[in-house]
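In full-length UniProt numbering, the protein residues as written are 1 to 1036. Backbone N, C-alpha and C define an ideal beta-carbon position, used for all residues, glycine too. As the structure is a prediction and not an experimental result, all values here were calculated from the model.
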């Protein structure tokens, strides 16, 4: 019976009114404010111009952005045609129809039928000397930027285009190229030049899966101030990917050109490759843009394995329509504006930014360390110095900048050109907005950007003339209609649901790379909600603002430090570690919105999970993947859950990690292991974020947590405590059964003593026959020696002194053995012994090591850590073998386990055991007298709680007047009434009964049976001998 059963009525009466009033005020403040971060009016935006065009052409009147949006999704065919015309895109042949339905499915559509155009031609349509790109490398110190203008840079792309003509490239030939870049500058150009011939570009590190034809790679790249050499891996890549026809190395350091690359198969440097595209007289011919259909594939952006293994959505050339809409209409960017990006090839954000050059927007490619160099120069200095108008920042990056207190230099504090900053990549927090506003002030629109690798076009839009609330997606993008739906597909507002798209648009993928008949594509995105696209995200729509709040992934993606990666990436990194038998990795969303990865390991037999081994795992993942991919929590578990189809159940473990509860499951074949993932303190308490009732108090969802809560330094960082008792931790075991009385006759001596006695009795007849010259058989001497031990007289003649000494020695030995046996036997019969009694810590430790006992503790407690870090050797041994166990009762209250198994010990608060098991002699359990540790326990309260002094005063009154102790003793006394004396066998001294001699009678009976058997054998021998004698007489 736990402490929470005691109702502190007086405390509740004192604080109830104050708590109600505080709760009302807090709720009202949140409703009134809603963290409004933008509410300005900007005239003459591109979005306003576009809205007026639609109003005049279709004779409509839009009162707000939402009216325009409703028209764009209701008349989506007309909307996308108007966007094409507004952007002035180039096509050699106009389209016949904007939208044609080709089947019953959500994506059974054809967009802009009959059109002929080129993706790269539209991006490179600026044919003047305006600045197109600025390439900025920031290492330990900023380097001089490289500036490229449209016309000269176009010639460079022409050279790359013509260099491909030594390989036959046909329209529709799916030849792939793979990039690894530092500053994204040269890959940008290579990307566009390849698109002129309709060759697919793919950004992924899974070359074998792609069967890539071309690999374009830089010799090195810089990250966080560190330099990484890529040339060392190229030989292995070339050998393992025979389909690669050319490995093109882009040197970024002069010393690279002096290196011998002949050991890298099919490799060459960039310049010789470009030279092959020139005419015989060394000129670069004009580039030719091949005209292709709207749905011609241009790129593959691999996912992070968010819905299983990494998948490769194939994007069409028509996807540029959506991204250009974003830059022109939603971000209000114009020719001459500068867009800042430091995102590498491989992430869909890279593809997102490439289209902005079509509008004459200058692209600033920032390569290197964003957080600050030796002189303090950081990303804020870059945005100010290069007059950036728009940038996208990952939330985790903003977190780091804030922790570093990064700010621009005094000379770089002018942000008048900065129009908007987008935040995304992982959960956006209120403090992210506040920190950015402290740098750029409130004249810059700060908004959440929400999109997906699968769709390229962000789902979120922006309107400079609508309010923005922190952490919310302000508005949906034009042409995109999303909903939050429940499990049955019904739209929900004001509660959490699943994110779905209900209207098709041109940027949705054509399918998945190497997905036969679109089976995986349909199963993953189109089957859960027929007639809609399922993005596998959990969301919430604010009923007051219409803003969308992202709650995290509803699948197995992991986001940590801004990096998205799948469990498969972790498995790939650790699968060959010898000590690991199995593993499972899931993501966890913390109470403050941050995300992290949690890795569970099952060790092979003979290996232990130690701090040294944990570091080995960390180093392996860092080497194979990246330091940001190393799970923040790595724990060991006895087993990994699998379903009946032998699929590792990440989804179930993720639910346990998120809720700290084991869900009801029916398809897990080893469901007993699920409890090992629950109540792990490393999960519930790490990084200062708690679940359970402590978490509710920490997150201001409750003012007081009433329970038996241990006060630890980690918890004190999250909440305050009002102590009321001291907890003593100890062990409890079930009192073992008495040994059966029939076994008492073997108990006086250990096995080794019995062996020694029997060996002596067998050896002594030989010695007596030799030394005493006794003319008796071995059998008779053996019986004589045994008889002496049993108290019988002997007829062995001993005349000489030496014979008498030898015989006397044996008699003394026999007397000692006989007396010892009889005395111990009598004590065992009058005072019965327990089977295996554990009386102290040392006994328990030895029993655990020998495998005779098991031990457990309450899941979620710090007990195991306490034992493993103890200075006592026995306690450390127990800590190695003790396992967590769920002690929660039906009402989710933690109590001591009522049914203790034989040869099992539990570790926890002594008062838990006394209330559950009772005190001596009213118990069938044994509670150790040794106290392992002392902990203060108390009530948890919010750090800002108003009534702590009042509560402390009343708690002191309850303690000092003895009321608490009275309650406790009354509850302890109640356990006596439920105690059944029949369950206890008392070990008091008693007179011997007939049953005590059962063993003697058993031995006597056994002796008679053996004698009878011998007698029958003798009779049988006489009969057989008599029969043979008769036969012999007849023959004679």
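Please return the same chain residues whose Cβ sits closer than 7 Å to the Cβ of residue i, not counting the five positions on each side in sequence.
i            : result
residue 730  : 910, 927, 928, 930, 931, 932
residue 163  : Because residue 163 carries a pLDDT of 48, less than 50, the predicted location of this residue cannot be relied on, and no value is offered for it.
residue 1037 : Residue 1037 lies beyond the range of the chain shown here (1 to 1036); nothing can be said about it.
residue 69   : 475, 476, 478
residue 449  : 392, 422, 423, 424, 458, 460
residue 452  : 535
residue 147  : 131, 134
residue 435  : 398, 402
Keeping to the same chain, check which residues put their C-beta closer than 8 Å to that of residue i; ignore five residues upstream and five downstream.
i           : result
residue 237 : 207, 215, 244, 247
residue 913 : 730, 732, 896, 906, 925, 927
residue 466 : 64, 65, 474, 475
residue 936 : 710, 711, 721, 723, 725, 726, 727
residue 545 : 34, 467, 469, 472
residue 608 : 880
residue 431 : 402
DSSP state of residue i, grouped into three classes?
i           : result
residue 583 : strand
residue 898 : coil
residue 855 : strand
residue 196 : Bear in mind that the predicted position of residue 196 carries a pLDDT of just 43, short of 50, making it unreliable; the figure below should be weighed with that in mind. Coil, per DSSP.
residue 348 : helix
residue 89  : coil
residue 297 : strand
residue 765 : helix
residue 883 : strand
residue 636 : strand
residue 603 : strand
residue 944 : coil
residue 95  : coil
residue 354 : helix
So what does residue i bridge to, in DSSP terms?
i           : result
residue 385 : Bridge partners of residue 385: none, in fact.
residue 250 : 218
residue 109 : 101
residue 469 : 36
residue 722 : 939
residue 368 : 138
residue 595 : 589
residue 479 : None; residue 479 has no bridge partner.
residue 315 : 299
residue 497 : 539
So which of the options has the shortest CA-CA distance to residue i?
i           : options            : result
residue 674 : 657, 514, 684, 73  : 657
residue 291 : 950, 121, 61, 83   : 121
residue 576 : 923, 598, 603      : 603
residue 57  : 755, 81, 64, 252   : 81
residue 124 : 287, 445, 703, 210 : 287
residue 271 : 249, 515, 265, 284 : 249
residue 679 : 665, 696, 659      : 659
residue 920 : 973, 947, 878      : 973
residue 917 : 684, 952, 588, 975 : 975
residue 47  : 59, 72, 36         : 72
residue 880 : 844, 281, 508, 587 : 844
residue 838 : 74, 903, 700, 792  : 903
residue 119 : 289, 259, 261      : 289
Identify, in the order they occur along the chain, each residue of the same chain with its Cβ nearer than 6 Å to the Cβ of residue i, setting aside the five sequence neighbours on each side.
i           : result
residue 821 : 748
residue 962 : none
residue 600 : 584, 635, 637
residue 379 : 370
Spell out a yes or no on whether the segment 602 to 616 and the segment 649 to 658 are touching, meaning 3 or more CB-CB pairs, one atom from each, closer than 8 Å.
Counting Cβ pairs under 8 Å, fewer than three are found: no touch.
Decide yes or no for the touch test of the segment 580 to 588 against the segment 618 to 626: beta carbon pairs closer than 8 Å, at least 3 of them.
Between the segment 580 to 588 and the segment 618 to 626 there are fewer than three C-beta pairs closer than 8 Å, too few to call the two in contact.
Contact between the segment 841 to 860 and the segment 800 to 818: three or more CB pairs below 8 Å?
The answer is no - the segment 800 to 818 does not touch the segment 841 to 860, with fewer than three Cβ pairs under 8 Å.
Does the segment 780 to 790 come within contact of the segment 862 to 877, defined as at least 3 CB pairs closer than 8 Å?
No, they do not touch.
Are at least three pairs of beta-carbons, each pair with one atom in the segment 868 to 875 and one in the segment 626 to 637, less than 8 Å apart?
When C-beta atoms of the segment 868 to 875 are compared with those of the segment 626 to 637, fewer than three pairs fall below 8 Å, so the two segments do not count as touching.
Should the segment 937 to 954 be regarded as contacting the segment 759 to 766, the criterion being three or more beta carbon pairs within less than 8 Å?
Cβ pair count under 8 Å is below three, so no.
Any chance the segment 347 to 356 sits against the segment 480 to 489, with 3 or more Cβ pairs inside 8 Å?
Result no; under three Cβ-Cβ pairs closer than 8 Å.
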